[in-house]
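Here the structure comes first, spelled out in structure tokens, and everything after it is commentary.
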Amino acid sequence: MPGLSSPEPYILWLTGAGILITLVAWLPLALKRLPLSLPIICMGAGAAIFLIPPITFRPLPTILPDIAERLTEFVVIIALMGAGLKLDRLFSWRKWNVTWRLLGITMPLSIAAITLIGIYGLGMSLAVGLLLGACLAPTDPVLAADVQVGPPKSGEEDEVRFGLTSEAGLNDGLAFPFVNLAIALAAVAAGSDEPWLGNWVLHDVLWEISVGLISGWIIGRLFGWLTFHVPAKNRLAQTGDGLIALAATLLSYGAAEMADSYGFLAVFVTALTLRRSHRDHDFQREMHALTEQVERLAMMVVLILFGGALVSGLLAPLQWMDLMAAIAIILLVRPAAGLVGLIGLPAQRSEKMTLAFFGIRGVGSFYYLAYAINAGGFGSGERLWAIVSLVVLLSILLHGLSVTPIMRAMDRQQGRDPDEPSVCGENV
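By numbering that gives the first Met the number 0, the letter at position 117 of the sequence shown is numbered 116, and the numbering carries on one by one without gaps.
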């Protein structure tokens, strides 16, 4: 009887992909009532996999900077489309009050505080400290799924979930000017004589934000018309294929980037516009379901690699002050900035505290750092990668372990049964 032979790497990859897809479908249901999150499971699995002696590959972003940038970029844009598609609340300055507070007050305060920590606590230059602040201020649209609203028309859109979803959708695009400012300051420190301030204000702020908004709206209107409003036999909604959302995501991002504007902002605006083209159509759920599946699969890949990077020496450059700074960023900076931004908001104290606490850091922070380091002026960035990774690690553990009990307690406090299946509710 022939003995068992060692499987080829290709077969191992296929087997691993099958296991990963199975976990994508099953784990969210299995973890629904447990004080445990999918990102924690993925990170732990990655650490275990890359500790196996025969596996010599080390998924460190400092070794694979381009792959780190592009992979995290893809995950974020898919997450932004999913976030925009599931928001039921109509856009208005009054109904989005909580969003403007988190974007206009909380995020700038967070960037400023983290920059000061970097400069005076960690001995960084202004450019490096500002980059640290820009990377770690935005709430992540990828890892914040457990505190976001439910699928379209599910009725799961209380003030906390709406605030965190809309914040995560918009702050990724609005944090980019500060990343670009850090890159410009690093170039000045290296001897560049470019008129950086004027270029930053006119191009990185005014042009890229406005064009990102406009291009996202145009693509959203186009896909809304093709999907819901052309003659019935030719509507894209007739296909029943949620891949339309993926097409809109890639086209919106590509068009915005070719126009030299913020693709993240464009994708979220495209999603909001597409969602409002026919808010009550069942095809909205099909598109969201597809983006959610793709996002979850890509997110698991990134976090498995992150777990592998952690056991491969990613945190080795850390110093004691870096650990203290990371704890302060998670436990002090975001909660304090969040509460300041929510002063005067007509909401319960428990809602404000939850909004302030769950400023989850994740894949978006990785993307911004990879983008800036690849742009040059920050060296290999090993210490920056270590600090940002530590903050993300602490966020995954702290927020992942606390999100289920906190959100379930909030639901009960507001008279909702957290175990009741989602039903279609009226739009706000």
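By construction, the Cβ of each residue, glycine as well, lies at the ideal position given by its N, Cα and C atoms.
Because the structure is a prediction, the values reported are computed rather than measured.
Test item: CB-CB of residue i and residue j under 8 Å
{"i": "Leu59", "j": "Leu313", "result": "yes"}
{"i": "Pro140", "j": "Gly363", "result": "yes"}
{"i": "Gly223", "j": "Thr164", "result": "no"}
{"i": "Gly162", "j": "Thr105", "result": "no"}
{"i": "Ala430", "j": "Val390", "result": "Residue numbering for the chain in the displayed model covers 0 to 427; residue 430 lies beyond these limits and cannot be assessed."}
{"i": "Leu180", "j": "Trp199", "result": "yes"}
{"i": "Ala46", "j": "Gly307", "result": "yes"}
{"i": "Asp87", "j": "Pro151", "result": "yes"}
{"i": "Gly211", "j": "Leu264", "result": "yes"}
{"i": "Asp157", "j": "Leu79", "result": "no"}
{"i": "Leu225", "j": "Ile329", "result": "no"}
{"i": "Leu77", "j": "Thr248", "result": "The residue you asked about is not Leu; residue 77 is Ile in the sequence shown. Closer than 8 Å, so yes."}
{"i": "Arg100", "j": "Gly340", "result": "yes"}
{"i": "Val332", "j": "Val146", "result": "no"}
{"i": "Gly149", "j": "Glu294", "result": "no"}
{"i": "Gly197", "j": "Val266", "result": "no"}
Rounded straight-line distance, which links the Cα of residue j to that of residue i
{"i": "Phe49", "j": "Ile213", "result": "44 Å"}
{"i": "Lys430", "j": "Tyr252", "result": "The displayed coordinates of the chain run from 0 to 427. Any statement about residue 430 would go beyond what the structure contains."}
{"i": "Cys41", "j": "Gly190", "result": "43 Å"}
{"i": "Ala254", "j": "Gly262", "result": "8 Å"}
{"i": "Ile66", "j": "Gly343", "result": "44 Å"}
{"i": "Gly380", "j": "Ala183", "result": "16 Å"}
{"i": "Gln412", "j": "Arg160", "result": "15 Å"}
{"i": "Phe282", "j": "Ala126", "result": "46 Å"}
{"i": "Ala24", "j": "Trp195", "result": "48 Å"}
{"i": "Ser36", "j": "Gly399", "result": "5 Å"}
{"i": "Val178", "j": "Ile54", "result": "35 Å"}
{"i": "Gly103", "j": "Leu11", "result": "48 Å"}
{"i": "Val268", "j": "Ile116", "result": "33 Å"}
{"i": "Ala346", "j": "Ala355", "result": "12 Å"}
{"i": "Leu70", "j": "Val301", "result": "7 Å"}
{"i": "Ser124", "j": "Thr14", "result": "47 Å"}
{"i": "Ala336", "j": "Leu317", "result": "26 Å"}
{"i": "Leu108", "j": "Trp95", "result": "20 Å"}
{"i": "Ala112", "j": "Leu121", "result": "13 Å"}
{"i": "Glu193", "j": "Gly168", "result": "32 Å"}
{"i": "Ile39", "j": "Val229", "result": "44 Å"}
{"i": "Leu392", "j": "Leu22", "result": "21 Å"}
{"i": "Thr138", "j": "Pro176", "result": "16 Å"}
{"i": "Ala186", "j": "Met323", "result": "29 Å"}
Residue i (DSSP reduced to helix, strand or coil)
{"i": "Met80", "result": "helix"}
{"i": "Thr226", "result": "helix"}
{"i": "Arg220", "result": "helix"}
{"i": "Val127", "result": "helix"}
{"i": "His280", "result": "coil"}
{"i": "Thr114", "result": "helix"}
{"i": "Trp95", "result": "coil"}
{"i": "Ser379", "result": "coil"}
{"i": "Glu166", "result": "helix"}
{"i": "Gln413", "result": "coil"}
{"i": "Val200", "result": "helix"}
{"i": "Asp157", "result": "coil"}
{"i": "Pro194", "result": "coil"}
{"i": "Tyr261", "result": "coil"}
{"i": "Gly450", "result": "Since the first and last residues shown for the chain are 0 and 427, residue 450 lies out of range."}
{"i": "Leu135", "result": "helix"}
{"i": "Val148", "result": "coil"}
{"i": "Pro53", "result": "coil"}
{"i": "Leu313", "result": "coil"}
{"i": "Val422", "result": "Low confidence applies to Val422: its pLDDT is 39, below 50, so where it sits in the model is not reliable enough to give any reading."}
{"i": "Gln347", "result": "coil"}
Nearest to residue i (by Cα), restricted to the options the options
{"i": "Phe227", "options": "Gly211, Ala185, Arg278", "result": "Arg278"}
{"i": "Ala408", "options": "Val387, Leu354, Val391, Ser349", "result": "Ser349"}
{"i": "Gln292", "options": "Val146, Ala244, Trp319", "result": "Ala244"}
{"i": "Arg382", "options": "Met320, Gln347, Pro53", "result": "Met320"}
{"i": "Ala246", "options": "Arg57, Ala44, Phe73", "result": "Phe73"}
{"i": "Ala371", "options": "Gly15, Ala174, Leu35, Glu166", "result": "Ala174"}
{"i": "Thr290", "options": "Ala308, Glu256, Gly241, Leu322", "result": "Gly241"}
{"i": "Gly83", "options": "Ala186, Gly219, Ala258, Leu304", "result": "Gly219"}
{"i": "Gly375", "options": "Ala188, Leu225, Ser91", "result": "Ala188"}
{"i": "Asp259", "options": "Met298, Gly128, Ile208, Pro230", "result": "Ile208"}
{"i": "Phe365", "options": "Gly378, Gln347, Asn373, Val387", "result": "Val387"}
{"i": "Ile118", "options": "Arg275, Pro176, Gly128, Ala111", "result": "Gly128"}
{"i": "Ile20", "options": "Leu201, Ala270, Met298, Gly197", "result": "Met298"}
{"i": "Pro64", "options": "Trp384, Val229, Pro176", "result": "Trp384"}
{"i": "Ser276", "options": "Ile51, Leu135, Leu221", "result": "Leu221"}
{"i": "Ile217", "options": "Pro176, Leu322, Glu68, Ala270", "result": "Ala270"}
{"i": "Ala369", "options": "His287, Gly197, Ile62, Leu201", "result": "Ile62"}
Proximity test, Cβ basis, 8 Å: residue i and chain B
{"i": "Ala374", "result": "Of the protein chains in this structure there is only one, and it is not chain B."}
Residue i Cβ short of 7 Å to the ligand FMN heavy atom set
{"i": "Ile213", "result": "Here there are no bound small molecules, and the ligand FMN is not part of this structure."}
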